[in-house]
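This note's numbering puts the first residue of the sequence shown at 2, with every later residue one more than the last. A short worksheet on the structure shown next.
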Amino acid sequence: MAPRYLIVNADDFGFTHDVNEGIVYAHKHGILTATTLMANGDAFDDAVRLARQNASLDVGCHLVLVQGHSVLTGRPLPEGPKELIPALLMSRIDPYSEFRAQIEKLLHAGVRPSHLDTHKHTHVVPSVLSAVMRVAEEFEIGFIRLPFDSGWAPVQPLQRWYRRKLAQRKLGSTDHFLGYRLTDHMSQETLAQTVRSLPSGSTELMCHPGYLRDELRSARTRLKEERQRELDALTSVKIRQLVAECDIRMSNYRELAELRRNPL
(Lines of atoms letter the chains of each structure in order from A; the text may use other names.)
(Lines give C-alpha, C1' and ligand atoms only; values in the text may rest on other atoms or scores of the structure.)
Protein backbone atom coordinates (compact mmCIF):
# COMPACT_ATOMS: atom_id res chain seq x y z
CA MET A 2 0.00 0.00 0.00
CA ALA A 3 1.24 3.49 -0.86
CA PRO A 4 2.36 5.63 2.09
CA ARG A 5 -0.21 7.68 3.95
CA TYR A 6 0.90 11.00 5.37
CA LEU A 7 -1.33 12.86 7.83
CA ILE A 8 -1.05 16.54 8.74
CA VAL A 9 -3.35 17.43 11.63
CA ASN A 10 -3.74 21.21 11.53
CA ALA A 11 -5.45 23.28 14.22
CA ASP A 12 -7.12 26.48 13.09
CA ASP A 13 -7.46 29.58 15.30
CA PHE A 14 -4.04 29.72 16.98
CA GLY A 15 -4.05 33.14 18.64
CA PHE A 16 -7.83 33.28 19.14
CA THR A 17 -7.83 32.92 22.95
CA HIS A 18 -5.29 31.80 25.54
CA ASP A 19 -7.22 28.60 26.29
CA VAL A 20 -7.35 27.74 22.59
CA ASN A 21 -3.60 28.36 22.32
CA GLU A 22 -2.92 26.12 25.31
CA GLY A 23 -5.12 23.37 23.92
CA ILE A 24 -3.35 23.46 20.56
CA VAL A 25 0.08 23.16 22.12
CA TYR A 26 -1.07 20.37 24.44
CA ALA A 27 -2.53 18.45 21.48
CA HIS A 28 0.81 18.82 19.71
CA LYS A 29 2.94 17.72 22.66
CA HIS A 30 0.66 14.91 23.85
CA GLY A 31 -1.44 13.99 20.81
CA ILE A 32 -1.41 13.76 17.04
CA LEU A 33 -1.58 17.46 16.16
CA THR A 34 1.35 18.48 13.97
CA ALA A 35 0.57 21.96 12.64
CA THR A 36 -1.50 25.06 13.27
CA THR A 37 -2.43 28.33 11.59
CA LEU A 38 -2.04 31.63 13.43
CA MET A 39 -4.63 34.44 13.35
CA ALA A 40 -2.84 37.79 13.00
CA ASN A 41 -5.88 39.59 14.43
CA GLY A 42 -6.43 37.17 17.31
CA ASP A 43 -6.75 38.57 20.83
CA ALA A 44 -4.13 36.10 22.04
CA PHE A 45 -1.69 36.64 19.14
CA ASP A 46 1.30 37.53 21.32
CA ASP A 47 0.71 34.48 23.51
CA ALA A 48 0.60 32.26 20.41
CA VAL A 49 3.88 33.71 19.15
CA ARG A 50 5.48 33.00 22.53
CA LEU A 51 4.23 29.41 22.45
CA ALA A 52 5.40 28.94 18.87
CA ARG A 53 8.91 29.99 19.89
CA GLN A 54 8.85 27.51 22.78
CA ASN A 55 7.62 24.63 20.58
CA ALA A 56 9.79 24.62 17.49
CA SER A 57 8.40 21.28 16.29
CA LEU A 58 4.93 22.84 15.87
CA ASP A 59 4.59 23.81 12.20
CA VAL A 60 2.95 27.25 11.99
CA GLY A 61 1.08 28.74 9.05
CA CYS A 62 -1.18 31.78 8.71
CA HIS A 63 -4.94 31.64 9.25
CA LEU A 64 -5.96 34.50 6.97
CA VAL A 65 -8.97 36.38 8.30
CA LEU A 66 -11.57 38.39 6.37
CA VAL A 67 -14.50 37.87 8.74
CA GLN A 68 -14.87 38.44 12.48
CA GLY A 69 -12.61 40.58 14.61
CA HIS A 70 -10.78 43.66 13.38
CA SER A 71 -8.69 44.39 10.32
CA VAL A 72 -4.92 44.28 10.83
CA LEU A 73 -4.61 46.81 8.00
CA THR A 74 -7.11 49.45 9.13
CA GLY A 75 -8.21 48.50 12.65
CA ARG A 76 -11.84 48.62 11.57
CA PRO A 77 -14.27 45.75 12.21
CA LEU A 78 -14.32 43.04 9.58
CA PRO A 79 -17.61 41.64 8.22
CA GLU A 80 -19.38 39.45 10.77
CA GLY A 81 -19.49 36.36 8.55
CA PRO A 82 -19.31 35.01 5.00
CA LYS A 83 -22.79 36.33 4.15
CA GLU A 84 -21.70 39.85 5.06
CA LEU A 85 -18.35 39.42 3.30
CA ILE A 86 -19.82 38.93 -0.17
CA PRO A 87 -21.43 42.39 -0.48
CA ALA A 88 -18.34 43.95 1.10
CA LEU A 89 -16.23 42.36 -1.65
CA LEU A 90 -18.66 43.32 -4.42
CA MET A 91 -18.73 46.93 -3.24
CA SER A 92 -14.93 47.02 -2.76
CA ARG A 93 -15.26 47.87 0.92
CA ILE A 94 -12.53 45.36 1.68
CA ASP A 95 -9.34 44.53 -0.24
CA PRO A 96 -8.43 40.89 0.47
CA TYR A 97 -4.92 41.15 -0.93
CA SER A 98 -3.93 44.20 1.15
CA GLU A 99 -5.48 42.72 4.30
CA PHE A 100 -3.77 39.36 3.80
CA ARG A 101 -0.46 41.05 3.09
CA ALA A 102 -0.70 43.02 6.35
CA GLN A 103 -1.52 39.85 8.28
CA ILE A 104 1.43 37.88 6.91
CA GLU A 105 3.76 40.81 7.53
CA LYS A 106 2.59 40.88 11.16
CA LEU A 107 3.60 37.24 11.54
CA LEU A 108 6.97 37.86 9.91
CA HIS A 109 7.66 40.88 12.12
CA ALA A 110 6.92 38.65 15.13
CA GLY A 111 9.49 36.13 13.93
CA VAL A 112 7.02 33.56 12.58
CA ARG A 113 7.69 32.34 9.05
CA PRO A 114 4.44 30.69 7.85
CA SER A 115 4.78 27.43 5.94
CA HIS A 116 1.18 27.27 4.72
CA LEU A 117 -2.00 29.30 4.34
CA ASP A 118 -5.69 28.77 4.97
CA THR A 119 -8.61 31.10 5.67
CA HIS A 120 -10.97 31.65 8.57
CA LYS A 121 -14.42 30.26 7.70
CA HIS A 122 -12.97 28.96 4.42
CA THR A 123 -13.51 32.29 2.69
CA HIS A 124 -11.14 31.28 -0.10
CA VAL A 125 -14.00 29.30 -1.61
CA VAL A 126 -14.78 32.73 -3.12
CA PRO A 127 -12.69 33.02 -6.32
CA SER A 128 -11.58 36.62 -5.69
CA VAL A 129 -10.41 35.64 -2.21
CA LEU A 130 -8.54 32.63 -3.56
CA SER A 131 -6.81 34.94 -6.05
CA ALA A 132 -5.65 37.13 -3.17
CA VAL A 133 -4.44 34.10 -1.20
CA MET A 134 -2.47 32.84 -4.20
CA ARG A 135 -0.99 36.29 -4.77
CA VAL A 136 0.36 36.63 -1.22
CA ALA A 137 1.55 33.00 -1.31
CA GLU A 138 3.67 33.82 -4.35
CA GLU A 139 4.86 37.13 -2.94
CA PHE A 140 5.99 35.66 0.38
CA GLU A 141 7.11 32.32 -1.09
CA ILE A 142 4.65 30.24 0.92
CA GLY A 143 4.28 26.98 -0.96
CA PHE A 144 1.04 25.46 0.34
CA ILE A 145 -2.61 26.52 0.41
CA ARG A 146 -5.41 24.49 1.96
CA LEU A 147 -7.94 22.84 -0.32
CA PRO A 148 -11.25 24.19 0.99
CA PHE A 149 -13.42 21.14 0.35
CA ASP A 150 -13.51 17.68 1.92
CA SER A 151 -12.10 14.99 -0.35
CA GLY A 152 -14.62 12.38 -1.42
CA TRP A 153 -17.58 14.71 -0.95
CA ALA A 154 -19.34 14.28 -4.30
CA PRO A 155 -21.18 17.64 -4.51
CA VAL A 156 -17.98 19.67 -4.32
CA GLN A 157 -15.63 17.58 -6.46
CA PRO A 158 -15.98 19.76 -9.59
CA LEU A 159 -15.02 22.80 -7.49
CA GLN A 160 -12.16 20.86 -5.93
CA ARG A 161 -10.77 20.06 -9.36
CA TRP A 162 -11.12 23.71 -10.38
CA TYR A 163 -9.17 24.84 -7.30
CA ARG A 164 -6.45 22.30 -7.95
CA ARG A 165 -6.05 23.63 -11.50
CA LYS A 166 -5.82 27.20 -10.20
CA LEU A 167 -3.09 26.26 -7.72
CA ALA A 168 -1.20 24.23 -10.32
CA GLN A 169 -1.24 27.16 -12.75
CA ARG A 170 0.58 29.25 -10.12
CA LYS A 171 2.87 26.36 -9.13
CA LEU A 172 1.42 26.36 -5.62
CA GLY A 173 0.92 23.18 -3.65
CA SER A 174 -1.67 21.54 -1.44
CA THR A 175 -2.04 18.18 0.20
CA ASP A 176 -3.48 15.42 -1.94
CA HIS A 177 -6.59 15.37 0.23
CA PHE A 178 -8.35 17.56 2.80
CA LEU A 179 -10.70 16.44 5.57
CA GLY A 180 -12.35 18.09 8.54
CA TYR A 181 -14.96 20.48 7.20
CA ARG A 182 -17.79 18.02 7.71
CA LEU A 183 -16.24 16.82 10.98
CA THR A 184 -16.52 20.29 12.53
CA ASP A 185 -19.08 20.01 15.35
CA HIS A 186 -18.84 16.21 15.12
CA MET A 187 -15.25 15.30 15.93
CA SER A 188 -14.97 12.77 18.74
CA GLN A 189 -12.74 9.83 19.49
CA GLU A 190 -15.12 7.62 17.50
CA THR A 191 -15.38 9.83 14.38
CA LEU A 192 -11.64 10.53 14.46
CA ALA A 193 -10.93 6.79 14.61
CA GLN A 194 -13.16 6.26 11.56
CA THR A 195 -11.27 8.98 9.71
CA VAL A 196 -7.90 7.47 10.57
CA ARG A 197 -8.94 3.99 9.45
CA SER A 198 -10.23 5.24 6.09
CA LEU A 199 -7.38 7.66 5.35
CA PRO A 200 -6.51 7.60 1.63
CA SER A 201 -3.05 7.13 0.18
CA GLY A 202 -0.90 10.19 -0.24
CA SER A 203 -0.93 13.30 1.93
CA THR A 204 -4.00 14.46 3.84
CA GLU A 205 -4.64 17.56 5.93
CA LEU A 206 -7.14 17.06 8.72
CA MET A 207 -8.52 20.36 10.05
CA CYS A 208 -9.37 20.62 13.73
CA HIS A 209 -10.24 23.21 16.39
CA PRO A 210 -9.00 22.02 19.81
CA GLY A 211 -9.04 24.14 22.96
CA TYR A 212 -9.69 24.11 26.69
CA LEU A 213 -13.21 25.16 27.64
CA ARG A 214 -12.47 27.86 30.19
CA ASP A 215 -13.85 31.32 30.95
CA GLU A 216 -12.11 33.09 28.06
CA LEU A 217 -13.39 30.66 25.46
CA ARG A 218 -16.84 30.56 27.05
CA SER A 219 -17.17 34.34 26.59
CA ALA A 220 -15.60 34.46 23.11
CA ARG A 221 -17.66 35.06 19.99
CA THR A 222 -17.52 31.59 18.48
CA ARG A 223 -20.03 28.80 18.06
CA LEU A 224 -17.34 26.20 18.80
CA LYS A 225 -16.99 25.90 22.56
CA GLU A 226 -17.73 22.44 24.03
CA GLU A 227 -16.69 21.05 20.64
CA ARG A 228 -13.14 22.35 21.10
CA GLN A 229 -12.71 20.49 24.38
CA ARG A 230 -14.12 17.33 22.78
CA GLU A 231 -11.69 17.64 19.88
CA LEU A 232 -8.78 18.13 22.27
CA ASP A 233 -9.76 14.97 24.13
CA ALA A 234 -9.95 13.01 20.87
CA LEU A 235 -6.63 14.29 19.50
CA THR A 236 -4.81 13.32 22.71
CA SER A 237 -6.52 9.96 23.18
CA VAL A 238 -4.15 7.06 23.77
CA LYS A 239 -6.39 4.88 21.59
CA ILE A 240 -6.12 7.31 18.67
CA ARG A 241 -2.33 7.45 18.94
CA GLN A 242 -2.21 3.65 19.01
CA LEU A 243 -4.54 3.44 16.00
CA VAL A 244 -2.33 5.79 13.98
CA ALA A 245 0.64 3.52 14.68
CA GLU A 246 -1.33 0.35 13.89
CA CYS A 247 -2.48 1.80 10.56
CA ASP A 248 1.13 2.71 9.67
CA ILE A 249 0.19 6.34 9.11
CA ARG A 250 3.10 8.75 8.97
CA MET A 251 2.43 11.93 10.91
CA SER A 252 3.78 14.92 9.04
CA ASN A 253 3.53 18.68 8.58
CA TYR A 254 3.90 21.22 5.81
CA ARG A 255 7.60 21.81 6.40
CA GLU A 256 8.21 18.09 5.95
CA LEU A 257 5.89 17.96 2.94
CA ALA A 258 7.90 20.73 1.28
CA GLU A 259 11.11 18.80 1.89
CA LEU A 260 9.52 15.60 0.59
CA ARG A 261 8.50 17.32 -2.63
CA ARG A 262 11.99 18.71 -3.10
CA ASN A 263 13.54 15.31 -2.43
CA PRO A 264 10.99 12.56 -3.23
CA LEU A 265 11.62 9.07 -1.88
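Ideal Cβ placement from N, Cα and C applies to all residues, glycine included. This structure is a prediction, so every number in the text was calculated from the model and none was measured.
(message) Tell me the rounded alpha-carbon separation between F140 and T37.
(response) Position 139 of the sequence shown holds residue 140. Position 36 of the sequence shown holds residue 37. About 16 Å.
(request) Quick one: using the 10 Å Cβ neighbour count with 16 as the cut-off for buried, is Q1 buried or exposed? (result) The requested residue 1 does not occur in the structure, where the chain is confined to residues 2 to 265.
(message) Would S115 and D59 qualify as a contact pair, given that the criterion is a beta-carbon distance under 8 Å?
(response) For the purposes of this step, residue 115 is identified with residue 114 of the sequence shown, where counting begins at 1. For the purposes of this step, residue 59 is identified with residue 58 of the sequence shown, where counting begins at 1. Yes, these two residues count as a Cβ contact at 8 Å.
(request) Identify whether E259 lies in helix, strand or coil by the three-state DSSP scheme. (result) As a working note, residue 259 is residue 258 in the sequence shown. E259 falls in the helix class under three-state DSSP.
(request) Confirm, please, whether the CB-CB distance from D19 to G211 is below 8 Å. (result) Within the sequence shown, the letter at position 210 stands for residue 211. Within the sequence shown, the letter at position 18 stands for residue 19. Their beta carbons are under 8 Å apart, which means G211 touches D19 by this criterion.
(request) Please say whether F178 and A132 have beta carbons closer to each other than 8 Å? (result) Position 131 of the sequence shown, counting from 1, holds the residue named residue 132. Position 177 of the sequence shown, counting from 1, holds the residue named residue 178. Annotated as distal: A132 and F178, with beta-carbon spacing of 8 Å or more.
(message) For L213 and R93, I'd like the C-alpha separation in whole angstroms.
(response) One-based indexing of the sequence shown puts residue 213 at position 212. One-based indexing of the sequence shown puts residue 93 at position 92. It is roughly 35 Å from the alpha-carbon of L213 to the alpha-carbon of R93.
(message) Alpha carbons only, please: which of E256, T191, E246 is nearest the one belonging to Y181?
(response) Here residue 181 is taken as the residue at index 180 of the sequence shown, counted from 1. Across the set E256, T191, E246, the C-alpha of T191 shows the shortest separation from the C-alpha of Y181.
(request) Alpha carbon to alpha carbon, how far is V196 from P4? Give it in angstroms, no decimals. (result) To locate residue 4, count along the sequence shown from 1; it is residue 3. To locate residue 196, count along the sequence shown from 1; it is residue 195. When rounded, the distance between both Cα atoms is 13 Å.
(message) Please report the straight-line C-alpha distance between M207 and E216, rounded to a whole angstrom.
(response) As a position in the sequence shown, residue 207 is number 206, starting the count at 1. As a position in the sequence shown, residue 216 is number 215, starting the count at 1. For the pair M207 and E216, the Cα-to-Cα distance works out to about 22 Å.
(message) Spatial neighbours of G143 within its chain, please: C-beta separation below 6 Å, excluding the five flanking residues on both sides.
(response) As a position in the sequence shown, residue 143 is number 142, starting the count at 1. The residues G173, A258, in chain order, have a CB closer than 6 Å to that of G143 in the same chain once the five nearest residues on each side in sequence are set aside.
(request) With a threshold of 16 other CB atoms inside 10 Å of the CB of N263, please say whether the residue is buried or exposed. (result) Indexing the sequence shown from 1 puts residue 263 at position 262. Counting Cβ neighbours within 10 Å, N263 comes out exposed, since fewer than 16 surround it.
(request) For Q68, count neighbouring C-beta atoms within 10 Å of its own C-beta (all shown protein chains included) and say buried if the count is 16 or more, exposed if not. (result) Against the sequence shown, residue 68 aligns to sequence position 67. Burial call: buried.
(request) Report the rounded CA-to-CA distance for H63 versus P87, giving the unit in angstroms. (result) On the sequence shown, position 62 is the one that residue 63 refers to. On the sequence shown, position 86 is the one that residue 87 refers to. Using only the alpha carbons, I get a separation of about 22 Å.
(message) Assuming the contact rule is C-beta atoms closer than 8 Å, A27 and L33 should be a hit. Round their C-beta distance to whole Å, please.
(response) Translated into the one-based positions of the sequence shown, residue 27 becomes position 26. Translated into the one-based positions of the sequence shown, residue 33 becomes position 32. The Cβ separation is near 4 Å, so the contact holds.
(message) Among the candidates S98, F14, A52, R170, whose CA atom is the shortest distance from the CA of R228?
(response) As a working mapping, residue 228 is identified with position 227 in the sequence shown. When each option's Cα is compared against that of R228, the closest is F14.
(request) Leaving out five residues on either side along the sequence, give the residues of the same chain with a beta carbon under 7 Å from the beta carbon of A110. (result) The residue labelled residue 110 in the question sits at position 109 within the sequence shown. Closer than 7 Å at Cβ, skipping near neighbours: V49.
(request) Would you mind working out which of A193, R165, R250 sits nearest I8, comparing C-alpha positions? (result) If you number the sequence shown from 1, residue 8 lands on position 7. Answer by Cα proximity: R250.
(request) Measure the alpha-carbon distance for N10 versus D118 and round it to whole angstroms. (result) Counting from 1 along the sequence shown, the entry for residue 10 is found at position 9. Counting from 1 along the sequence shown, the entry for residue 118 is found at position 117. Each residue's Cα considered, the two are about 10 Å apart.
(request) Could you pull out every unbroken beta strand (DSSP E) segment of at least 3 residues lying fully inside the segment 195-249, listed in chain order? (result) DSSP runs (the beta strand (DSSP E)) wholly in the segment 195-249: 202-208.
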